[in-house]
Amino acid sequence: MAELTPDQMPRSQQAISVLWPSFIVAIIASGAFFSAFNPRDLVPFNLDIDISPIAAYSIGFFLFWLLAFLSSFGTLYFTLSNCRFLKKQGY
Amino acid sequence: MPTSPATPAEPSLYQAHKKIYPREVSGYFSRLRVISIIALLGIYYVTPLIQWQGRQAILFDLPARKFHLFGLTLWPQDFIYLAALLILAGLALFFFTALLGRVWCGYACPQTVWTEAYLWMERKIEGNRSKRMKLDKAPMTLAKFRVKLLKHTVWIAFSLWTGFTFVAYFTPIKELADELFSFSLGPWETFWILFYSFATYGNAGFMREQVCKYMCPYARFQSAMFDSDTLIVAYHPERGEPRGSRRRGVEPASVGLGDCIDCNVCVQVCPTGIDIRDGLQYECIACSLCIDGCNEIMDKMSYPRDLIRYTTENSALGKKQHILRPRIMVYAGILLLLCGLLVTHISQRVPLELDVIRDRNTLYRETRDGLIENVYMLKIINMDSKPHRYTLWADGIDGVKLVTDQALIEVEAGTVSQLVVRLQADEFNLEERSVPVTFHLQAEDSNHLRTEQEARFVGPGRS
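Here the protein sequences line up with chains A and G, keeping their order.
For the first sequence, position 71 (counting from the first letter as 1) is numbered 71 according to the working numbering, and the numbering increases by one without interruption.
Throughout, the working numbering is defined as the position within the second sequence, counted from one, plus 91.
Structure below.
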């Protein structure tokens with residue numbers, strides 16, 4: 001059986017390998033972050049916003065998810081493009 | 092070295108998903124599993140309903156930044172306990188994995204628990220394994236549509252209940268129910284109920300064993316905790332092989348076969364769709380349903396049971412088994428030590444905190460009597476479940492005097508109170524420009540409730 005390369009993974013598996021680890025990281029990051037900081041004390045750029053704590057926590061969670069998502073996506077993107085590149089080079 | 096392009100016929104690591112139709116099975120281990128699943132689901136759905144001293148017994152009150160666990164209230168300052176608890180849970184998983192293998196996967200993991208619950212609903216509505224397979228192959232008819240509609244309606248209803256219960260761990264369930272029935276749920280609560288419901292519906296209804304195979308980190312590293320004395324589910328190849336079909340009641344040796352009649356029941360009952368006869372595989376979640384399935388067949392054939400059984404590598408090879416081995420003792424030792432530390436620490440915990448912030452606007456000022464005065468902002472956090480009255484004093488400088496406008500320092504349960512105090516000291520008692528002072532806070536009704544906090548006192552310094 002020939003060695004399988006990541007670019008042979010189905011799209012759904014690739015999507016999960018980006019969304020899922022970043023989801024877990026977002027849970028850990030928002031847990032640690034919001035234990036240390038109360039969202040009420042964090043008004044970004046002196047904006048005059050008034051949102052409920054639940055909204056603040058939720059938005060914070062999604063921001064962490066987005067950040068981790070970008071990082072995971074970068075890893076996947078470079079893995080896939082390097083795979084293709086190396087194959088072209090004859091590896 | 093150039094690799095040949097993969098041919099489509101080649102078995103792929105990421106082969107297209109084949110839906111698994113686990114066959115129903117009854118027996119000792121499946122009963123044990125059902126008991127565990129019902130107990131765990133019960134705990135999940137009932138916990139938010141329990142009341143304790145006028146509020147929800149277990150409530151992670153995010154807006155107020157307080158976690159209520161029966162009599163104990165944890166503040167963000169107590170984050171360390173949460174971290175310790177997570178470490179303990181991880182260690183416990185190591186310990187039980189080394190001892191009992193993947194019991195967590197087979198009996199207690201939420202993925203297993205909800206998948207079994209959804210599978211149970213599926214069976215009740217669509218019928219047994221062969222009926223389900225036939226139904227899925229059949230073209231869409233009104234009858235099939237009705238069965239599928241019913242299944243998904245029941246699944247979605249159960250998912251919504253699950254999502255609602257999840258949010259009830261963060262918002263008091265009474266409030267949440269009132270809001271739900273008056274159609275006034277907040278947007279974020281609605282969102283999280285739907286989010287969690289959707290995740291449950293997807294994971295337990297569709298993803299199922301794929302979560303274990305492709306998404307679970309524990310499944311990947313659990314083998315690191317395994318050794319030759321870890322409990323595993325295994326087939327007995329010496330007894331079973333060569334496998335082959337035969338009529339009931341035939342003595343295996345007389346037809347040159349082993350005990351395995353190759354009926355494939357062990358494969359059909361497997362929720363991850365593997366063949367346990369191929370040896371230990373990382374897809375195996377040790378649910379032990381194949382043991383029950385095989386035993387049933389062995390009984391029918393009047394062969395001895397346990398062709399597939401719980402065993403350890405050592406005992407399968409006829410070697411001596413060691414339950415108490417260094418790995419187990421180290422895991423158990425660390426686990427007990429951490430448990431002890433956590434319990435002592437929580438029992439010694441003083442639910443009182445004092446924050447001192449020096450007024451930064453003026454370094455110091457001189458009173459009319461010629462004393463040097465510093466101003467401080469004090470934050471008293473009463474983390475107890477009762478209000479308390481406190482005595483406050485300071486020391487560190489000879490003859491230091493504490494002056495405050497407030498006659499009584501009283502703080503309600505679970506609140507923060509701010510207080511401005513002034514410290515006055517004679518210049519002659521100040522050794523340096525800046526000297527340490529200590530604030531002491533003591534509850535009047537409890538010796539245990541006391542805390543202290545250091546601060547700086549600034550003066551002109553000795554010239």
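Where is the CB? At the ideal position from N, CA and C, for every residue including glycine.
**Asked** Name the chain G residues whose beta carbon is nearer than 7 Å to that of ASN38/A?
**Response** Here residue 38/A refers to the residue found at position 38 of the first sequence. Chain G residues near ASN38/A: ARG156.
**Prompt:** Taking Cβ positions, are ASP383/G and GLY118/G nearer each other than 9 Å?
**Reply:** Here residue 383/G refers to the residue found at position 292 of the second sequence. Here residue 118/G refers to the residue found at position 27 of the second sequence. Cβ atoms of ASP383/G and GLY118/G: closer than 9 Å.
**Asked** From THR188/G to LEU76/A, what distance separates their C-alpha atoms?
**Response** The sequence position of residue 188/G within the second sequence is 97, counting from 1. The sequence position of residue 76/A within the first sequence is 76, counting from 1. Between THR188/G and LEU76/A, the C-alpha separation is close to 32 Å.
**Request:** For ALA15/A, go through chain G and note every residue whose CB falls closer than 9 Å to its CB, in chain order.
**Result:** As a working mapping, residue 15/A is identified with position 15 in the first sequence. Result: empty, since nearest Cβ-Cβ is about 11 Å, beyond 9 Å.
**Asked** Where does GLY550/G land, buried or exposed, given buried means 16+ other C-beta within 10 angstroms?
**Response** Start at 1 with the first residue of the second sequence, and residue 550/G comes out as number 459. The residue in question, GLY550/G, is buried, as its Cβ has 16 or more Cβ neighbours within 10 Å.
**Asked** Are three or more beta carbon pairs between the segment 432-446 of chain G and the segment 340-354 of chain G nearer than 8 Å?
**Response** Verdict: no, contact absent.
**Three-state class that DSSP yields for THR458/G in the structure shown** = The count along the second sequence starts at 1 and reaches residue 458/G at position 367. In this structure, THR458/G counts as coil in the three-state DSSP scheme.
**Message:** Once the 5 residues before and after GLU217/G are set aside, which same chain residues still bring their CB inside 7 Å of it?
**Reply:** Here residue 217/G refers to the residue found at position 126 when the second sequence is read from its first residue. Excluding positions up to five away in sequence, the list reads ARG223, LEU226, VAL238, LYS242.
**Item:** Presumed contact (8 Å Cβ cut-off) between VAL324/G and ILE414/G, rounded CB distance
**Value:** Sequence index remark: in the second sequence, residue 324/G carries index 233 (1-based). Sequence index remark: in the second sequence, residue 414/G carries index 323 (1-based). The Cβ separation is near 18 Å, so there is no contact.
**Request:** Could you check how far apart the C-beta atoms of SER22/A and TRP65/A are, in whole angstroms? I think they sit under 8 Å.
**Result:** Walking along the first sequence from the start, residue 22/A turns up at place 22. Walking along the first sequence from the start, residue 65/A turns up at place 65. So it is a contact: roughly 6 Å between Cβ atoms.
**Asked** Who are the Cβ neighbours of VAL356/G in its own chain at under 6 Å, not counting the five residues just before and after it?
**Response** As a first step, residue 356/G is located in the second sequence; it is residue number 265 there, counting from the start. Cβ within range, chain order: GLY384, ILE388.
**Message:** Does the CB of LEU66/A have a neighbour CB from chain G at under 9 Å?
**Reply:** Taking the first sequence and counting its residues from 1, the one referred to as residue 66/A is at position 66. Cβ-Cβ to chain G under 9 Å: no for LEU66/A.
**Request:** Taking PHE312/G as the query, report the chain A residues whose CB atoms sit under 7 Å from its CB, ordered along the chain.
**Result:** Translated into positions along the second sequence, residue 312/G becomes position 221. Neighbours of PHE312/G across chain A, judged by C-beta separation under 7 Å, do not exist; the nearest C-beta is about 14 Å away.
**Request:** Would you list the residues sitting across from ALA325/G in a DSSP beta bridge?
**Result:** Taking the first residue of the second sequence as 1, we reach residue 325/G at position 234. Paired residue(s): ARG400/G.
**Request:** Name the residue from LEU131/G, LEU153/G, VAL358/G, ALA516/G whose alpha carbon lies nearest to the alpha carbon of ARG459/G.
**Result:** As a working mapping, residue 459/G is identified with position 368 in the second sequence. The residue with the shortest Cα to Cα distance from ARG459/G is ALA516/G.
**Message:** In the DSSP output, which residue or residues are listed as bridge partners for ILE472/G?
**Reply:** As a first step, residue 472/G is located in the second sequence; it is residue number 381 there, counting from the start. GLU444/G, VAL507/G.
**Message:** What would DSSP say about GLN359/G, mapped onto helix, strand or coil?
**Reply:** For the purposes of this step, residue 359/G is identified with residue 268 of the second sequence, where counting begins at 1. It is helical.
**Message:** What does the Cβ neighbour count give for GLU280/G, buried or exposed, with the cut at 16 atoms within 10 Å?
**Reply:** The residue you call residue 280/G lines up with position 189 of the second sequence. By the neighbour-count criterion, in which 16 or more other beta carbons inside 10 Å mark a residue as buried, GLU280/G falls on the buried side.
**Asked** Are the Cβ atoms of LEU179/G and LEU426/G separated by less than 9 Å?
**Response** Here residue 179/G refers to the residue found at position 88 when the second sequence is read from its first residue. Here residue 426/G refers to the residue found at position 335 when the second sequence is read from its first residue. In contact: LEU179/G and LEU426/G (Cβ atoms closer than 9 Å).
**Item:** Inter-stretch contact at 8 Å, needing at least 3 Cβ pairs: the segment 449-457 of chain G / the segment 471-488 of chain G
**Value:** Output reads no: the segment 471-488 of chain G does not touch the segment 449-457 of chain G.
**Message:** Give me, in chain order, the residues of the same chain whose beta-carbon lies closer than 8 Å to that of SER314/G; leave out the 5 immediate sequence neighbours on both sides.
**Reply:** Residue 314/G sits at position 223 when you count from the first residue of the second sequence. Around SER314/G: TYR373.
**Asked** Since PHE170/G meets chain A, which of its residues come closer than 7 Å, beta carbon to beta carbon?
**Response** Indexing the second sequence from 1 puts residue 170/G at position 79. Those are SER35, listed as they occur along chain A.
**Item:** Proximal residues to ALA56/A (C-beta, below 6 Å), its chain only, five neighbours per side dropped
**Value:** Against the first sequence, residue 56/A aligns to sequence position 56. Non-local beta-carbon contacts of ALA56/A in its own chain, meaning distances under 6 Å to residues more than five positions away in sequence, involve PRO39 in chain order.
**Item:** Contacts of ALA55/A in chain G (Cβ-Cβ under 9 Å)
**Value:** Here residue 55/A refers to the residue found at position 55 of the first sequence. Neighbours of ALA55/A on chain G, chain order: GLY277, PRO278, TRP279.
**Request:** Name the one or two DSSP bridge partners that VAL526/G has.
**Result:** Numbered from 1 along the second sequence, position 435 holds the residue referred to as residue 526/G. VAL526/G is bridged to PHE548/G.
**Under the three-state DSSP convention, the category LYS477/G falls into** = One-based indexing of the second sequence puts residue 477/G at position 386. Looking at LYS477/G - three-state DSSP - the assignment turns out to be coil, as it is neither helix nor strand.
**Message:** I'd like to know if MET306/G contacts chain A, where contact means its C-beta is closer than 9 Å to some C-beta of that chain.
**Reply:** Position 215 of the second sequence, counted from the start, is the residue given in the question as residue 306/G. It does: the Cβ of MET306/G has a partner Cβ on chain A nearer than 9 Å.
**Prompt:** If we count the other Cβ atoms within 10 Å of its Cβ and call it buried at 16 or more, is ASN538/G buried or exposed?
**Reply:** Along the second sequence, one-based indexing puts residue 538/G at 447. Counting Cβ neighbours within 10 Å, ASN538/G comes out exposed, since fewer than 16 surround it.
**Item:** Neighbour-count burial assignment, ASP350/G, 16 or more Cβ in a 10 Å radius
**Value:** Numbered from 1 along the second sequence, position 259 holds the residue referred to as residue 350/G. The residue is buried, with at least 16 neighbouring Cβ atoms inside 10 Å.
**Proximal residues of chain G, C-beta to C-beta of SER58/A below 8 Å** = As a first step, residue 58/A must be located in the first sequence, where it is residue number 58. Going along chain G in sequence order, the residues near SER58/A (Cβ under 8 Å) are TRP279, PHE282, TRP283.
**Request:** Using the DSSP secondary-structure output, state which residues sit across from LYS492/G in a beta bridge.
**Result:** Taking the second sequence and counting its residues from 1, one reaches residue 492/G at position 401. Partner(s): GLN515/G.
**Message:** I'd like to know whether the C-beta atoms of ASP152/G and PHE261/G end up nearer to each other than 9 Å.
**Reply:** Position 61 of the second sequence, counted from the first residue, corresponds to residue 152/G. Position 170 of the second sequence, counted from the first residue, corresponds to residue 261/G. Cβ distance < 9 Å, so ASP152/G and PHE261/G count as in contact.
**Request:** Would you mind stating whether ILE419/G and LEU160/G have Cβ atoms separated by less than 9 Å?
**Result:** In the second sequence, residue 419/G corresponds to position 328, counting from 1. In the second sequence, residue 160/G corresponds to position 69, counting from 1. Taking 9 Å as the Cβ cut-off, ILE419/G and LEU160/G do not qualify as a contacting pair.
**Asked** Does the beta-carbon of TRP211/G have 16 or more other beta-carbons within 10 angstroms, so that it is buried, or is it exposed?
**Response** Here residue 211/G corresponds to residue number 120 of the second sequence, with the count starting at 1. Exposed, because fewer than 16 other Cβ atoms sit within 10 Å of the Cβ of TRP211/G.
**Prompt:** Using a beta-carbon distance below 9 Å, is SER52/A in contact with chain G?
**Reply:** To locate residue 52/A, count along the first sequence from 1; it is residue 52. Judged by the 9 Å Cβ criterion, SER52/A is in contact with chain G.
**Item:** Beta-carbon proximity of GLU270/G to THR363/G, cut-off 9 Å
**Value:** For the purposes of this step, residue 270/G is identified with residue 179 of the second sequence, where counting begins at 1. For the purposes of this step, residue 363/G is identified with residue 272 of the second sequence, where counting begins at 1. Taking C-beta atoms as the reference points, GLU270/G and THR363/G fail to come closer than 9 Å.
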